[in-house]
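Take a look at the structure below.
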Amino acid sequence: MGVLKEEVINETTINKSQYSPIKEFWKNWKRQKVAFSASLFVLLLIIIAFVGPYITPYDPYEPNYNSILQGPSSSHLAGTDEYGRDIFSRLIYGTRISLSVSFISVFFGAVVGTILGLISGFFGGFLDRIIMRSSDVMFAFPDIILAIAIIAILGPGLVNVVIAIAVFTVPSFARLIRGATLEVKETVFVEAARSMGAKKTRIIYKHIFPETFSSLMVFFTMRIGTAILAAASLSFLGLGASPGTPDWGAMLTMGRDYLGTSSHVVIMPGIAIFLTVLAFNLVGDGLRDVLDPKTKNH
Amino acid sequence: MEDIILKVEQLQTDFQKDNQRIRILNGVSFHISKGEILGLVGESGCGKSLTSLSIMRLFKGTSGEISGGNIFFRDEDITKVTENQMRKIRGKQIAMIFQEPMTSLNPVMKIGEQLMEPIRIHLGYNNKRAKQHAVQMLTKVGIPRSNEIMNEFPHQLSGGMRQRVMIAIAMSCNPDVLIADEPTTALDVTIQAQILDLMRKLQKEENMSMLLITHDLGVVAEMCDRVVVMYAGRVVEEASVHDLFQSPLHPYTRGLIGSVPKIGQKKDRLESIAGRVPDPSNMPKGCKFAPRCSDATAECHEKEPSMLEVEKNRYCSCWLYDKGRSLISG
Numbered sequence: 001m002g003v004l005k006e007e008v009i010n011e012t013t014i015n016k017s018q019y020s021p022i023k024e025f026w027k028n029w030k031r032q033k034v035a036f037s038a039s040l041f042v043l044l045l046i047i048i049a050f051v052g053p054y055i056t057p058y059d060p061y062e063p064n065y066n067s068i069l070q071g072p073s074s075s076h077l078a079g080t081d082e083y084g085r086d087i088f089s090r091l092i093y094g095t096r097i098s099l100s101v102s103f104i105s106v107f108f109g110a111v112v113g114t115i116l117g118l119i120s121g122f123f124g125g126f127l128d129r130i131i132m133r134s135s136d137v138m139f140a141f142p143d144i145i146l147a148i149a150i151i152a153i154l155g156p157g158l159v160n161v162v163i164a165i166a167v168f169t170v171p172s173f174a175r176l177i178r179g180a181t182l183e184v185k186e187t188v189f190v191e192a193a194r195s196m197g198a199k200k201t202r203i204i205y206k207h208i209f210p211e212t213f214s215s216l217m218v219f220f221t222m223r224i225g226t227a228i229l230a231a232a233s234l235s236f237l238g239l240g241a242s243p244g245t246p247d248w249g250a251m252l253t254m255g256r257d258y259l260g261t262s263s264h265v266v267i268m269p270g271i272a273i274f275l276t277v278l279a280f281n282l283v284g285d286g287l288r289d290v291l292d293p294k295t296k297n298h
Numbered sequence: 001m002e003d004i005i006l007k008v009e010q011l012q013t014d015f016q017k018d019n020q021r022i023r024i025l026n027g028v029s030f031h032i033s034k035g036e037i038l039g040l041v042g043e044s045g046c047g048k049s050l051t052s053l054s055i056m057r058l059f060k061g062t063s064g065e066i067s068g069g070n071i072f073f074r075d076e077d078i079t080k081v082t083e084n085q086m087r088k089i090r091g092k093q094i095a096m097i098f099q100e101p102m103t104s105l106n107p108v109m110k111i112g113e114q115l116m117e118p119i120r121i122h123l124g125y126n127n128k129r130a131k132q133h134a135v136q137m138l139t140k141v142g143i144p145r146s147n148e149i150m151n152e153f154p155h156q157l158s159g160g161m162r163q164r165v166m167i168a169i170a171m172s173c174n175p176d177v178l179i180a181d182e183p184t185t186a187l188d189v190t191i192q193a194q195i196l197d198l199m200r201k202l203q204k205e206e207n208m209s210m211l212l213i214t215h216d217l218g219v220v221a222e223m224c225d226r227v228v229v230m231y232a233g234r235v236v237e238e239a240s241v242h243d244l245f246q247s248p249l250h251p252y253t254r255g256l257i258g259s260v261p262k263i264g265q266k267k268d269r270l271e272s273i274a275g276r277v278p279d280p281s282n283m284p285k286g287c288k289f290a291p292r293c294s295d296a297t298a299e300c301h302e303k304e305p306s307m308l309e310v311e312k313n314r315y316c317s318c319w320l321y322d323k324g325r326s327l328i329s330g
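Going down the list, the sequences are from chains Z and V.
Take 1 as the starting number for the first sequence in UniProt numbering and just add one per residue.
Take 1 as the starting number for the second sequence in UniProt numbering and just add one per residue.
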């Protein structure tokens with residue numbers, strides 16, 4: 001019996017040695033029930049964004065004057081709008097616009113913000129002061145006001161919405177990464193890396209950046225929710241997608257006039273925005289619990 | 001023992017605090033010969049670690065600055081070389097092991113990656129060769145199943161294993177001098193002995209010089225050939241390890257050795273040196289140890305003693321041993 005037990009112990013230690021961070025993450029991720037379901041929804045949205053145009057029951061641009069402002073039915077799952085266009089098909093098209101606008105804008109904002117944050121945190125001094133004071137100035141404006149100002153300069157359109165959101169995303173990433181960098185910079189392993197003769201750029205890239213990556217992932221996901229909301233708001237204000245485009249925000253604006261008579265025109269895109277933003281935020285929360293538990297209370 | 005590889009001369013290191021320059025190291029001098037283990041001992045805060053950081057010039061980003069003195073590595077004064085040249089020396093010629101094996105490895109990088117880092121930087125090996133070399137180093141420092149360890153993360157290893165990995169990293173480019181800053185302080189006693197054995201074995205094999213920084217006199221007695229005792233940013237005594245333990249000269253050294261508990265001694269309280277290390281911004285006039293010294297005279301409080309060769313190869317800075325003065329004459 002004793003021998004048997006020992007063998008079992010040996011086997012478990014061998015299994016344990018095949019540690020993989022991805023497996024570990026997956027194990028913890030499955031435990032986050034809410035976030036896990038939300039991530040399935042996000043996955044569904046991403047699939048829809050890719051295959052959307054091939055699965056829509058109707059052409060989202062094609063007007064049909066025989067069925068204007070009809071409520072949800074079996075033939076039009078989400079009803080039709082004032083031109084008789086199928087709202088469900090338009091929502092599916094809109095998924096692609098919303099996700100790509102938010103993803104691209106947050107991506108560029110994050111790249112620039114991360115680089116600035118790393119520089120600011122690692123080198124400190126004059127550069128740090130310039131970068132942080134500039135982001136303080138940007139923080140002084142509410143995001144949407146800043147975005148409106150940028151679009152006022154560049155002119156309306158989806159590309160400019162991307163630029164505007166990217167710009168107001170930069171300072172928050174810069175500040176987050178700067179904080180993380182300051183912390184990691186002081187650790188012994190960074191000093192150990194320097195004592196081995198590693199270059200500064202190498203230390204930043206190989207030692208500091210990976211350390212900030214988990215906070216980065218969490219914040220990235222959270223910011224996508226914010227960006228979707230911002231993009232929809234800008235479109236709603238007529239600064240983003242042009243009125244005919246099946247963009248969720250633009251659909252809200254168009255439907256506003258019919259709110260009293262056929263409220264589904266507004267409610268359906270509203271629900272789409274709500275669910276998407278909620279899902280991204282839940283995924284972000286879950287990621288934080290799994291990847292970055294120490295920032296939980298911040 | 002005449003082949004001097006590292007020579008520190010009158011080293012002064014300053015820090016800036018509240019717009020005030022504070023001299024932490026004041027005239028530290030010592031040398032290490034080829035194949036020699038030099039111990040650097042002293043209380044916390046006496047400048048041991050700062051000496052090692054000054055040699056490596058690792059205080060960029062803090063206000064630390066070498067303000068005087070020279071550090072000769074072979075024949076080159078490394079206080080004068082550029083940061084780029086310094087980077088080629090770090091890790092390749094002078095390598096360092098830190099106190100905390102728990103924090104000196106990057107927690108999100110595989111052991112292999114970290115081990116291959118200096119190999120790639122300094123030896124310019126390609127991936128395959130670097131990997132072979134890394135596995136060899138792990139085997140050399142006595143890590144079993146070194147092939148698997150390469151793909152593991154630091155948190156999967158114990159403290160002793162991590163310190164072995166740190167030693168492997170430090171030794172990977174075959175440095176001439178290894179600076180070990182309290183390499184065993186964070187480890188438990190049995191592991192300490194293993195790590196010390198390993199370090200001595202590798203040191204002998206490679207005929208490497210070593211600067212061992214510690215406050216553990218037991219470690220010094222076991223490992224070192226010569227010892228430098230530091231107090232308040234100055235060297236107060238330098239002697240061979242045998243002489244130092246046999247007949248410590250400086251009152252501070254005597255106090256240090258006296259405060260080590262002895263087996264069989266029946267005593268309720270441990271011996272200690274009264275008082276504490278003086279604040280660097282508010283140093284006493286005269287001998288820095290005088291306020292804590294039982295043999296201090298009026299002269300000690302007035303003038304700082306200089307380094308004297310009391311006997312052959314025994315140096316001490318204390319008024320007690322100044323020429324023409326007999327011991328404890330007042």
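Ideal placement from N, C-alpha and C gives every residue a C-beta, glycine not left out.
Fair warning: this is a prediction, and the values are worked out from it, not measured in the lab.
{"Item": "Positions along the stretch 121–136 of chain V whose CB lies within less than 8 angstroms of some CB in chain Z", "Value": "I121 and H122"}
{"Item": "Residues, ordered as in the chain, of the stretch 54–72 of chain Z that lie near chain V by beta-carbon distance below 9 angstroms", "Value": "none"}
{"Item": "Buried versus exposed call for E205 (chain V) [16 or more other C-beta atoms within 10 Å across all chains shown]", "Value": "exposed"}
{"Item": "Under the three-state DSSP convention, the category C300 (chain V) falls into", "Value": "helix"}
{"Item": "Three-pair Cβ contact test at 8 angstroms for the stretch 16–27 of chain V versus the stretch 203–219 of chain V", "Value": "no"}
{"Item": "Residue from V:K288, V:Q93, V:Q265 and V:K267 whose Cα sits closest to the Cα of C173 (chain V)", "Value": "V:Q93"}
{"Item": "For H301 (chain V) and E182 (chain V), the rounded distance between their alpha carbons", "Value": "32 angstroms"}
{"Item": "Short CB-CB distance (under 7 angstroms) between D285 (chain Z) and chain V", "Value": "no"}
{"Item": "Nearest-angstrom Cβ-Cβ length linking E271 (chain V) and G286 (chain V), presumed shorter than 8 angstroms", "Value": "Not confirmed; about 25 angstroms, so no contact."}
{"Item": "Simplified DSSP state of Y252 (chain V), which is helix, strand or coil", "Value": "helix"}
{"Item": "Near the ligand ATP: A35 (chain Z) beta-carbon under 6 angstroms from a heavy atom", "Value": "The ligand ATP is not among the ligands present in this structure, which contains no ligands whatsoever."}
{"Item": "Minimum C-alpha distance to I68 (chain Z) - residue among Z:G270, Z:L234 and Z:S262", "Value": "Z:S262"}
{"Item": "Same chain, Cβ closer than 7 angstroms to A221 (chain V), neighbours up to 5 away in sequence not counted", "Value": "V241 and F245"}
{"Item": "Euclidean distance between Cα positions of V310 (chain V) and Y321 (chain V)", "Value": "7 angstroms"}
{"Item": "First and last residue of the uninterrupted beta strand (DSSP E) at T214 (chain V)", "Value": "S209 to T214"}
{"Item": "Short Cβ contact (7 angstroms threshold) for G159 (chain V) with P101 (chain V)", "Value": "yes"}
{"Item": "F98 (chain V) burial status per 10 Å Cβ neighbour count (16 or more: buried)", "Value": "buried"}
{"Item": "Nearest residue (CA-CA) to residue 348 (chain V), options V:I5, V:D188, V:A168 and V:K312", "Value": "One cannot answer for residue 348 (chain V) here, as it falls past the ends of chain V, which runs 1 to 330."}
{"Item": "Coarse secondary structure for D257 (chain Z), derived from DSSP in three states", "Value": "helix"}
{"Item": "Selection of the stretch 81–94 of chain V by Cβ proximity to chain Z, strictly under 7 angstroms", "Value": "R87, K88, R90, G91 and K92"}
{"Item": "Under 7 angstroms from the C-beta of V108 (chain V): neighbouring residues of chain Z", "Value": "P210 and E211"}
{"Item": "S104 (chain V) at chain Z interface by Cβ criterion, 7 angstroms", "Value": "yes"}
{"Item": "Spatial distance of G249 (chain Z) from L40 (chain Z) (CA atoms)", "Value": "24 angstroms"}
{"Item": "Whole-angstrom distance between V277 (chain V) and F289 (chain V), CA atom to CA atom", "Value": "8 angstroms"}
{"Item": "Neighbour flag for G197 (chain Z) against chain V, beta carbons, 7 angstroms", "Value": "yes"}
{"Item": "C-alpha distance - F219 (chain Z) paired with I89 (chain V), whole-angstrom precision", "Value": "40 angstroms"}
{"Item": "Residues from the stretch 150–169 of chain V in contact with chain Z, defined by Cβ distance under 8 angstroms", "Value": "E152, F153, Q156, M166 and I169"}
{"Item": "Distance CB(G84 (chain Z))-CB(N64 (chain Z)) smaller than 7 angstroms", "Value": "yes"}
{"Item": "Distance, P293 (chain Z) Cα to I145 (chain Z) Cα", "Value": "33 angstroms"}
{"Item": "is_contact[P175 (chain V), chain Z] using C-beta, thresh 7 angstroms", "Value": "no"}
{"Item": "Beta strand (DSSP E) runs contained entirely in the stretch 148–230 of chain V, provided each spans 3 or more residues", "Value": "177–181 and 209–214"}
{"Item": "Helix, strand or coil at Q114 (chain V) [DSSP, three-state]", "Value": "helix"}
{"Item": "CB-CB length for I179 (chain V) against L211 (chain V), believed under 8 angstroms", "Value": "5 angstroms"}
{"Item": "Residues bridged to M96 (chain V) (per DSSP)", "Value": "V:I179"}
{"Item": "Within-7 angstroms CB hit, H76 (chain Z) to chain V", "Value": "no"}
{"Item": "Between the CA atoms of S33 (chain V) and I5 (chain V) - distance to the nearest angstrom", "Value": "5 angstroms"}
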